[in-house]
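Q:
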Amino acid sequence: MTAPEGQTNIIEVMELSYETVIGLEVHAELSTQSKIYCNCTTAFGGEVNTHCCPICTGMPGVLPVLNKKVVDYAIKAGLATNCEITPFGKQDRKNYFYPDLPKAYQTSQYDLPVCQNGYVDIEVDGQKKRVGITRIHIEEDAGKLTHDEWGSGSLVDYNRCGVPLIEIVTEPDMRSAEEARVFLETLKSILQYIDVSDCKMQEGSLRCDVNLSVRPAGQKEFGTRTEMKNVNSFRAAVRAMEYESKRQIDELESGGEIEQETRRWDDDKGISFTMRSKEEAHDYRYFPEPDLVPIVIDREWIESIRKMLPELPVAKRERYVREYELPEYDAGVITASRTLAGFFEECVDQGANPKTVSNWFMGDLMRILKDKNIEPEDIPFPAQYIAKLIALIEKGTISGSIAKKVLALMFEEIQDPEVIVKEKGLVQISDESQLAEIVAKVLKDHPKSVEDYKSGKGQALGFLVGQTMKATKGKANPQMVNKLLKETLG
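Residue numbers (numbering that gives the first Met the number 0): 0 to 489.
What follows is the structure, encoded as structure tokens:
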């Protein structure tokens with residue numbers, strides 16, 4: 000739970016209260032067509048070790064060449080997160096010996112990153128908060144190790160080696176797992192809006208390391224932090240942070256000390272475990288990459304990227320509230336996804352009422368997406384189909400209840416709603432004489448409900464409406480059914 004503005008989130012244990020301090024290192028794979036230093040494809044998947052070459056696997060005698068689009072995307076991410084762009088930068092070798100990087104070092108950035116000193120504003124429980132961005136730098140991704148479950152060996156796939164990354168490092172400004180979750184969701188939305196990363200966490204396109212410590216309430220000095228590596232879902236990140244915060248507090252309460260260490264989160268077991276301690280921590284021995292020229296970014300380059308920035312989520316949400324008079328919550332949900340916001344605006348451009356579109360999005364559309372476990376990007380039909388569906392209701396062609404069925408069928412059959420209505424015979428019954436016959440039969444079949452209504456039990460009318468709709472398989476015009484029932488019942 001987030002504390003009121005100006006206060007902090009405090010966890011009370013026995014007589015001593017603790018505050019959690021969280022900073023994140025977020026890695027986002029960039030949506031370039033080729034890798035950071037060679038022409039190999041960045042496409043996800045593929046046969047093992049087929050998307051690599053001597054350059055991205057670091058064979059002797061090869062020379063890397065920086066992909067300019069990577070710098071473009073890094074600048075774009077920096078501008079979208081209110082960063083300063085470094086006019087003169089370089090790349091560095093980060094040395095460590097691990098089999099997922101065959102050259103035994105990662106080309107990254109150390110002291111002169113592309114972006115520095117930015118921020119992202121978030122809102123948690125109605126309270127706004129600013130999370131500082133320390134830096135955004137570019138680097139290459141490593142390969143992927145597959146470990147034998149019996150511990151007899153490991154296999155390596157170098158397809159991901161050299162896929163370009165930006166690493167976004169925050170200040171330790173978050174005070175709860177919920178604040179960190181909202182920050183991650185906000186950052187993901189920004190990166191998708193500016194089209195620099197698809198942020199598909201299931202494919203490893205977005206993952207984060209969590210730095211967390213606890214300290215007694217009121218203490219200015221930070222406690223000893225631990226780091227959890229490569230958490231690859233928001234749900235896992237929240238669980239990992241909550242677990243680690245409690246683990247550290249329990250350790251301190253029992254008289255122990257927190258060791259600075261790197262831990263790995265096991266989401267299946269709901270626990271973290273030690274990977275390496277401070278004594279075993281790597282000395283990366285950074286030094287400037289001698290095979291790559293400095294990165295010089297002039298004002299003209301920065302401004303050309305700035306002109307490419309779209310309307311960002313916060314500005315779009317505020318516009319939806321102001322222009323379309325949507326509730327802030329609804330506007331926030333819709334604008335959190337670039338695809339969903341695009342769908343919404345296309346529907347409005349087709350003439351649909353913004354509030355009606357919002358109601359459909361917040362209700363049945365979001366329910367179906369959740370039930371089918373699919374992202375807005377994977378909606379199989381174009382936005383104008385929803386506008387057409389709304390138009391069919393407003394014309395009286397179908398009822399609202401039938402429209403819900405049609406929407407579900409649109410996901411299954413990927414057809415125009417007008418075609419579905421015609422082929423399935425779902426046109427609304429609005430013929431008064433036809434409905435009068437059906438109403439008469441319903442009243443005849445339910446004399447007790449008729450008696451209840453006439454004796455003043457108004458809820459009986461709802462039952463009779465339901466029975467009439469059931470008799471017509473939901474195709475009766477509900478307004479006309481209400482009118483006929485009331486007239487017949489007197």
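C-beta: ideal position from N, C-alpha, C; glycine also.
It should be emphasised that the depicted structure is a prediction, and the values quoted were computed from it without experimental measurement.
Can you give the Cα-Cα distance for residue 230 and residue 207, rounded to whole angstroms?
A: By one-based count along the sequence shown, residue 230 stands at place 231. By one-based count along the sequence shown, residue 207 stands at place 208. Rounded to the nearest angstrom, the two C-alpha atoms are 5 Å apart.
Q: Could you check where the beta strand (DSSP E) with residue 271 kicks off and where it finishes?
A: If you number the sequence shown from 1, residue 271 lands on position 272. Its beta strand (DSSP E) spans residues 270-276.
Q: Quick one: residues in its chain with C-beta nearer than 8 Å to the C-beta of residue 84, no 5 flanking neighbours on either side, listed in chain order?
A: If you number the sequence shown from 1, residue 84 lands on position 85. Here the set comprises 74, 77, 78, 113, 114, 296 and 301.
Q: Compute the Euclidean distance between the alpha carbons of residue 181 and residue 266, then round it to the nearest angstrom.
A: Position 182 of the sequence shown, counting from 1, holds the residue named residue 181. Position 267 of the sequence shown, counting from 1, holds the residue named residue 266. So the alpha carbons of these two residues sit roughly 20 Å apart.
Q: Going by Cα to Cα distance, which pick from 373, 42 and 28 is closest to residue 138?
A: Mapped onto the sequence shown, residue 138 falls at position 139. If we check each option's Cα against that of residue 138, 28 comes out closest.
Q: Answer with buried or exposed for residue 303, where buried requires no fewer than 16 other C-beta atoms within 10 angstroms of its C-beta.
A: Translated into the one-based positions of the sequence shown, residue 303 becomes position 304. When all chains shown are included, residue 303 counts as exposed.
Q: Please state whether DSSP places residue 196 in a helix, a strand or coil.
A: Counting from 1 along the sequence shown, the entry for residue 196 is found at position 197. Here residue 196 sits in coil by DSSP.
Q: Assuming the contact rule is C-beta atoms closer than 8 Å, residue 410 and residue 379 should be a hit. Round their C-beta distance to whole Å, please.
A: Start at 1 with the first residue of the sequence shown, and residue 410 comes out as number 411. Start at 1 with the first residue of the sequence shown, and residue 379 comes out as number 380. With 8 Å as the limit, residue 410 and residue 379 qualify as a contact, their Cβ atoms being about 6 Å apart.
Q: What did DSSP end up calling residue 374 once you bin it into helix, strand or coil?
A: Sequence index remark: in the sequence shown, residue 374 carries index 375 (1-based). DSSP places residue 374 in coil when its eight states are reduced to three.
Q: In the DSSP assignment, the beta strand (DSSP E) including residue 240 goes from what residue to what residue?
A: The sequence position of residue 240 within the sequence shown is 241, counting from 1. Per DSSP, residue 240 belongs to no beta strand (DSSP E); it is in the alpha helix (DSSP H), 233-252.
Q: Assess, as a yes-or-no matter, whether the stretch 165-179 is touched by the stretch 139-147 under the definition of 3 or more beta carbon pairs within less than 8 Å.
A: With the cut-off at 8 Å, the stretch 139-147 and the stretch 165-179 do not touch.
Q: Report all residues from its chain with a CB closer than 6 Å to the CB of residue 316; omit the five preceding and five following residues, and keep chain order.
A: In the sequence shown, residue 316 corresponds to position 317, counting from 1. These residues qualify, in order along the chain: 330, 331 and 334.
Q: Using DSSP with H/G/I as helix, E/B as strand and the rest coil, what is residue 82?
A: Taking the first residue of the sequence shown as 1, we reach residue 82 at position 83. In the structure shown, residue 82 sits in coil (DSSP, three-state: anything other than H, G, I, E or B).
Q: Distance, Cα to Cα, residue 403 vs residue 485?
A: As a working note, residue 403 is residue 404 in the sequence shown. As a working note, residue 485 is residue 486 in the sequence shown. When rounded, the distance between both Cα atoms is 26 Å.
Q: I'd like to check one pair, residue 441 with residue 466: are the Cβ atoms closer than 9 Å?
A: The count along the sequence shown starts at 1 and reaches residue 466 at position 467. The count along the sequence shown starts at 1 and reaches residue 441 at position 442. It is a contact, given that the beta carbons lie within the stated cut-off.
Q: On the three-state DSSP scale, how would you describe residue 188?
A: Position 189 of the sequence shown, counting from 1, holds the residue named residue 188. The answer is helix: DSSP assigns residue 188 an H, G or I state.
Q: If we ignore side chains and look at the alpha-carbon of each, how far apart do residue 387 and residue 417 end up?
A: Here residue 387 corresponds to residue number 388 of the sequence shown, with the count starting at 1. Here residue 417 corresponds to residue number 418 of the sequence shown, with the count starting at 1. Their backbone Cα atoms lie some 7 Å apart in a straight line.
Q: Which residues bound the alpha helix (DSSP H) around residue 432?
A: For this step, residue 432 is matched to residue 433 along the sequence shown. Residue 432 -> alpha helix (DSSP H) spans 431-444.
Q: Quick check: the Cα distance between residue 96 and residue 264, rounded to an integer number of angstroms?
A: Within the sequence shown, numbered from 1, the residue matching residue 96 stands at position 97. Within the sequence shown, numbered from 1, the residue matching residue 264 stands at position 265. Residue 96 and residue 264: Cα-Cα distance of roughly 22 Å.
Q: Alpha carbon to alpha carbon, what distance is there between residue 427 and residue 327?
A: Numbered from 1 along the sequence shown, position 328 holds the residue referred to as residue 327. Numbered from 1 along the sequence shown, position 428 holds the residue referred to as residue 427. Near 34 Å, if we compare the C-alpha coordinates of residue 427 and residue 327.
Q: Mark residue 64 as exposed unless 16 or more other C-beta atoms lie within 10 angstroms of its C-beta, in which case mark it buried.
A: Translated into positions along the sequence shown, residue 64 becomes position 65. It counts as exposed.
Q: At which residues does the beta strand (DSSP E) containing residue 215 begin and terminate?
A: Sequence index remark: in the sequence shown, residue 215 carries index 216 (1-based). Looking at the DSSP string, the run of the beta strand (DSSP E) that includes residue 215 is 205-215.
Q: So which of 234, 438 and 127 has the shortest CA-CA distance to residue 471?
A: Numbered from 1 along the sequence shown, position 472 holds the residue referred to as residue 471. The shortest Cα separation from residue 471 among 234, 438 and 127 belongs to 438.
Q: Quick check: the Cα distance between residue 19 and residue 177, rounded to an integer number of angstroms?
A: Walking along the sequence shown from the start, residue 19 turns up at place 20. Walking along the sequence shown from the start, residue 177 turns up at place 178. So the two alpha carbons sit approximately 11 Å from each other.
Q: For residue 480, which residues of its own chain have a beta-carbon under 8 Å away from its beta-carbon, when the five flanking residues on both sides are left out?
A: The residue you call residue 480 lines up with position 481 of the sequence shown. Excluding residues within five positions, the ones whose Cβ falls inside 8 Å are 434, 438, 464, 467 and 468.
Q: When you compare the CB positions of residue 337 and residue 242, do they come within less than 9 Å of one another, or not?
A: As a first step, residue 337 must be located in the sequence shown, where it is residue number 338. As a first step, residue 242 must be located in the sequence shown, where it is residue number 243. Not in contact: residue 337 and residue 242 (Cβ atoms no closer than 9 Å).
Q: Any idea if residue 117 is buried or exposed, counting beta-carbon neighbours within 10 angstroms, 16 or more meaning buried?
A: Translated into positions along the sequence shown, residue 117 becomes position 118. Buried, because 16 or more other Cβ atoms sit within 10 Å of the Cβ of residue 117.
Q: State the start and end residues of the unbroken alpha helix (DSSP H) segment that holds residue 347.
A: If you number the sequence shown from 1, residue 347 lands on position 348. Unbroken alpha helix (DSSP H) run through residue 347: 337-348.
Q: Considering only the beta carbon of each residue, do residue 199 and residue 205 sit closer than 9 Å?
A: Here residue 199 is taken as the residue at index 200 of the sequence shown, counted from 1. Here residue 205 is taken as the residue at index 206 of the sequence shown, counted from 1. Cβ distance < 9 Å, so residue 199 and residue 205 count as in contact.
Q: I think residue 93 touches residue 104, with their Cβ atoms under 8 Å apart; what is that distance to the nearest whole Å?
A: Position 94 of the sequence shown, counted from the first residue, corresponds to residue 93. Position 105 of the sequence shown, counted from the first residue, corresponds to residue 104. Contact holds; Cβ gap of about 6 Å.
Q: Among 225, 216, 290 and 125, which one has its Cα closest to the Cα of residue 209?
A: On the sequence shown, position 210 is the one that residue 209 refers to. Checking every option, the nearest Cα to that of residue 209 belongs to 225.
Q: According to DSSP, is residue 303 helix, strand or coil?
A: As a working note, residue 303 is residue 304 in the sequence shown. Of the three classes helix, strand and coil, the one that applies to residue 303 here is helix, per DSSP.
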